[in-house]
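A.B. asks:
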């Protein structure tokens, strides 16, 4: 059966509270999921009261402030701080998004921060992305072609053909979409998830790729593709405003088209 | 503990080359149920205060009997496909196979019973 309750060692307990300095002007509370596997303790929610008057505007700014000024043990991934590396994907205020592109003022009340849902947690806000990346690798996300490349130029596309791959190739593999999907939570061992499916779509509609049939063969499966039940959390969550749900619907249409 | 590579885990047993049929039939039965369902609701509303004789005579009309049998079959099939997805989503392993089998058996039973009821009512009316 699908597991609906957290195992006992994953249940979240109350954590510590770090209060704001006495002269703080504009205090906002951040409740952050903490888990340290080496301690042997259950996960806990630590509360940090931050003076927004002395903090950058984004959620990530507050987290970096906590790490450098209040609690250096807080662990999270971040790199580019401008929404292009996808490292700081986490569940903020109930929605998967990037901590670097979400403004603190866009969240009402206390800010709750959890790791991406239903992933194994390595530490605090760092999920284990191994399987997610392996699924991406499994769809062969590279150009496959039997047509020899032109000897003196690149493989050309028309403007219209390029526009087809323009949006789906803007995916940054942050996993916000896949991990927001209940179907992915229950069946991620076999369901590819929104991100990998958007990636396949990007190659399916690439006019230079000769492996469309092989790619569709690989998706012709009740679990790999058809665990998508059009819940559309993926599209709602995507911090890059992409539309994995539509890409998946297009793939389903392609599979039907080739047998009708 | 497993030392299997992450890619091997992700690839699993490969693609089963089955999926679009289920998806397609679930949608085509849904489309068929829209007019059939509306027709059935309309019929039930008009027959609301009908006596036993009026209702059985209605079922005995050939077109009504044919549409009723169609409705039973399409409903049962559509419901079976829908429940199959829910079971595949939530029930794993041996219990999953058993539940799927039970689901198919129950739907087949219900469909057969429904068709039998329509035929008996249609042929038995007026006797």
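Chains as they are written, first to last, in my numbering: chain A, 1 to 260; chain B, 1 to 127. From the three backbone atoms N, C-alpha and C, an ideal C-beta is built for every residue, glycine too.
Quick check: residue 173 of chain A and residue 225 of chain A, are their CB atoms within less than 8 Å of each other?
C.D. replies: Here the question's residue 173 of chain A lines up with position 173 in the first chain. Here the question's residue 225 of chain A lines up with position 225 in the first chain. Not closer than 8 Å, so no.
A.B. asks: In terms of alpha-carbon separation, which member of A/194, A/211, A/209, A/253 lies closest to residue 231 of chain A?
C.D. replies: Here residue 231 of chain A refers to the residue found at position 231 when the first chain is read from its first residue. Selected option, being the one with the closest Cα: A/194.
A.B. asks: Just list the residues that DSSP pairs residue 29 of chain A with in beta bridges.
C.D. replies: Taking the first chain and counting its residues from 1, one reaches residue 29 of chain A at position 29. BP columns for residue 29 of chain A point to A/49.
A.B. asks: Who are the Cβ neighbours of residue 190 of chain A in its own chain at under 6 Å, not counting the five residues just before and after it?
C.D. replies: The sequence position of residue 190 of chain A within the first chain is 190, counting from 1. Excluding positions up to five away in sequence, the list reads 223.
A.B. asks: Using a Cβ-Cβ cut-off of 8 Å, state whether residue 22 of chain B counts as contacting chain A.
C.D. replies: For the purposes of this step, residue 22 of chain B is taken as the residue at position 22 of the second chain. By this cut-off, residue 22 of chain B is an interface position.
A.B. asks: Between the stretch 136 to 151 of chain A and the stretch 107 to 123 of chain A, can you find at least three pairs of beta-carbon atoms closer than 8 Å?
C.D. replies: The stretch 107 to 123 of chain A, when compared against the stretch 136 to 151 of chain A, does not touch it at the 8 Å Cβ threshold.
A.B. asks: Where DSSP assigns a beta bridge to residue 34 of chain A, which residues make up the other side?
C.D. replies: Against the first chain, residue 34 of chain A aligns to sequence position 34. Beta-bridge pairing links residue 34 of chain A to A/44.
A.B. asks: So is residue 33 of chain A in contact with chain B if we call contact Cβ pairs under 8 Å?
C.D. replies: Here residue 33 of chain A refers to the residue found at position 33 when the first chain is read from its first residue. It does not; no Cβ of chain B falls within 8 Å.
A.B. asks: What residues in its chain sit with their C-beta under 6 Å from that of residue 86 of chain A, if we drop five residues either side in the sequence?
C.D. replies: Counting from 1 along the first chain, the entry for residue 86 of chain A is found at position 86. 172, 173, 174, listed in sequence order.
A.B. asks: Whole angstroms is fine: what's the gap from residue 340 of chain A's alpha carbon to residue 212 of chain A's?
C.D. replies: Because chain A spans 1 through 260 in this model, residue 340 of chain A falls outside it and cannot be assessed.
A.B. asks: Could you tell me which of A/124, A/31, A/196, A/185 sits nearest to residue 14 of chain A, measuring between CA atoms?
C.D. replies: For the purposes of this step, residue 14 of chain A is taken as residue 14 along the first chain, with counting starting at 1. Among A/124, A/31, A/196, A/185, the Cα nearest to that of residue 14 of chain A is on A/31.
A.B. asks: Just mark residue 142 of chain A as buried or exposed, buried being the case when its beta carbon has 16 or more other beta carbons within 10 Å.
C.D. replies: Indexing the first chain from 1 puts residue 142 of chain A at position 142. By the 10 Å Cβ count, residue 142 of chain A comes out exposed.
A.B. asks: Considering only residues of the same chain and omitting the five flanking positions on each side of residue 103 of chain A, which have a CB-CB separation below 8 Å?
C.D. replies: Counted from its first residue, the first chain places residue 103 of chain A at position 103. So the qualifying residues of the chain are 57, 58, 59.
A.B. asks: Does the beta carbon of residue 162 of chain A come closer than 8 Å to any beta carbon on chain B?
C.D. replies: Reading the first chain from its first residue, position 162 is the one you call residue 162 of chain A. No, residue 162 of chain A lies away from the interface with chain B (no Cβ there is under 8 Å from its Cβ).
A.B. asks: Any beta carbon of chain B sitting closer than 8 Å to that of residue 309 of chain A?
C.D. replies: Because chain A in this structure spans residues 1 to 260, residue 309 of chain A falls outside the shown range and cannot be described.
A.B. asks: Could you check where the alpha helix (DSSP H) with residue 187 of chain A kicks off and where it finishes?
C.D. replies: Locating residue 187 of chain A in the first chain gives position 187, where the first residue counts as 1. Residue 187 of chain A -> alpha helix (DSSP H) spans 182 to 187.
A.B. asks: Whole angstroms are fine: how far does the CA of residue 90 of chain A sit from the CA of residue 4 of chain B?
C.D. replies: Here residue 4 of chain B corresponds to residue number 4 of the second chain, with the count starting at 1. Here residue 90 of chain A corresponds to residue number 90 of the first chain, with the count starting at 1. Cα to Cα, the separation comes out at about 28 Å.
A.B. asks: Tell me, which residues are paired with residue 58 of chain A by DSSP?
C.D. replies: Your numbering for residue 58 of chain A matches position 58 in the first chain. Paired residue(s): A/103.
A.B. asks: Assuming residue 74 of chain B and residue 29 of chain B make a contact with CB atoms under 8 Å, what is their CB distance in whole Å?
C.D. replies: Here residue 74 of chain B corresponds to residue number 74 of the second chain, with the count starting at 1. Here residue 29 of chain B corresponds to residue number 29 of the second chain, with the count starting at 1. Yes, they are in contact, since the Cβ atoms of residue 74 of chain B and residue 29 of chain B sit about 5 Å apart, within 8 Å.
A.B. asks: Terminal residues of the continuous beta strand (DSSP E) containing residue 15 of chain A?
C.D. replies: Within the first chain, numbered from 1, the residue matching residue 15 of chain A stands at position 15. Element bounds for residue 15 of chain A: 13 to 18.
A.B. asks: I need the boundaries of the alpha helix (DSSP H) containing residue 252 of chain A, first residue and last residue.
C.D. replies: Counted from its first residue, the first chain places residue 252 of chain A at position 252. Segment 244 to 257, the alpha helix (DSSP H) holding residue 252 of chain A.
A.B. asks: Please check if any C-beta of chain B sits within less than 8 Å of the C-beta of residue 135 of chain A.
C.D. replies: As a working note, residue 135 of chain A is residue 135 in the first chain. Chain B contact via Cβ: present.
A.B. asks: Can you pull out the residues from the stretch 3 to 21 of chain B whose beta carbon lies closer than 7 Å to at least one beta carbon of chain A?
C.D. replies: Against chain A - using a Cβ distance shorter than 7 Å - the residues of the stretch 3 to 21 of chain B are 6, 7, 9, 10, 11, 12, 15, 16, 17, 18, 19, 20.
A.B. asks: Mind listing the chain B neighbours of residue 138 of chain A? Cutoff is C-beta to C-beta under 8 Å, in chain order.
C.D. replies: Position 138 of the first chain, counted from the first residue, corresponds to residue 138 of chain A. Those are 7, 10, 11, listed as they occur along chain B.
A.B. asks: Name the residue from B/93, B/77, B/115 whose alpha carbon lies nearest to the alpha carbon of residue 103 of chain B.
C.D. replies: The residue you call residue 103 of chain B lines up with position 103 of the second chain. Comparing Cα positions, the closest option is B/77.
A.B. asks: Quick one: is residue 195 of chain A near chain B, going by C-beta distance under 8 Å?
C.D. replies: By 1-based counting over the first chain, the position of residue 195 of chain A is 195. Closer than 8 Å: no.
A.B. asks: Out of A/257, A/251, A/10, state which residue places its alpha-carbon closest to the alpha-carbon of residue 122 of chain A.
C.D. replies: Within the first chain, residue 122 of chain A is the residue found at index 122, counting from 1. When each option's Cα is compared against that of residue 122 of chain A, the closest is A/10.
A.B. asks: Determine the closest residue to residue 160 of chain A out of A/129, A/205, A/100, with distance taken between C-alpha atoms.
C.D. replies: Within the first chain, the letter at position 160 stands for residue 160 of chain A. That would be A/205, whose Cα lies nearest to the Cα of residue 160 of chain A.
A.B. asks: Near residue 114 of chain B, which residues of its chain fall below 6 Å by C-beta distance, leaving aside the five closest residues on each side in sequence?
C.D. replies: Indexing the second chain from 1 puts residue 114 of chain B at position 114. Around residue 114 of chain B: 72.
A.B. asks: Should residue 110 of chain A be flagged as near chain B, meaning a C-beta pair shorter than 8 Å?
C.D. replies: Taking the first chain and counting its residues from 1, one reaches residue 110 of chain A at position 110. It does not; no Cβ of chain B falls within 8 Å.
A.B. asks: Going by Cα to Cα distance, which pick from B/15, B/1, B/64 is closest to residue 118 of chain B?
C.D. replies: For the purposes of this step, residue 118 of chain B is taken as the residue at position 118 of the second chain. Out of B/15, B/1, B/64, B/64 has the C-alpha closest to the C-alpha of residue 118 of chain B.
A.B. asks: What does the alpha-carbon distance come out to for the pair residue 110 of chain B and residue 33 of chain B?
C.D. replies: Position 110 of the second chain, counted from the start, is the residue given in the question as residue 110 of chain B. Position 33 of the second chain, counted from the start, is the residue given in the question as residue 33 of chain B. Those two C-alpha atoms are separated by around 17 Å.
A.B. asks: Quick one: does residue 128 of chain A have its CB under 8 Å from some CB of chain B?
C.D. replies: Within the first chain, numbered from 1, the residue matching residue 128 of chain A stands at position 128. No, residue 128 of chain A lies away from the interface with chain B (no Cβ there is under 8 Å from its Cβ).
A.B. asks: For the alpha helix (DSSP H) that residue 9 of chain A lies in, which residues bound it at each end?
C.D. replies: Within the first chain, the letter at position 9 stands for residue 9 of chain A. Run containing residue 9 of chain A: none; DSSP gives neither H nor E here.
A.B. asks: Rounding to the nearest angstrom, what Cα-Cα distance links residue 14 of chain B and residue 98 of chain B in this structure?
C.D. replies: Counting from 1 along the second chain, the entry for residue 14 of chain B is found at position 14. Counting from 1 along the second chain, the entry for residue 98 of chain B is found at position 98. For residue 14 of chain B and residue 98 of chain B, the distance between alpha carbons rounds to 23 Å.
A.B. asks: Within the continuous alpha helix (DSSP H) that includes residue 112 of chain A, where are the two ends?
C.D. replies: In the first chain, residue 112 of chain A corresponds to position 112, counting from 1. Residue 112 of chain A -> not in any alpha helix (DSSP H); beta strand (DSSP E) instead, spanning 111 to 114.
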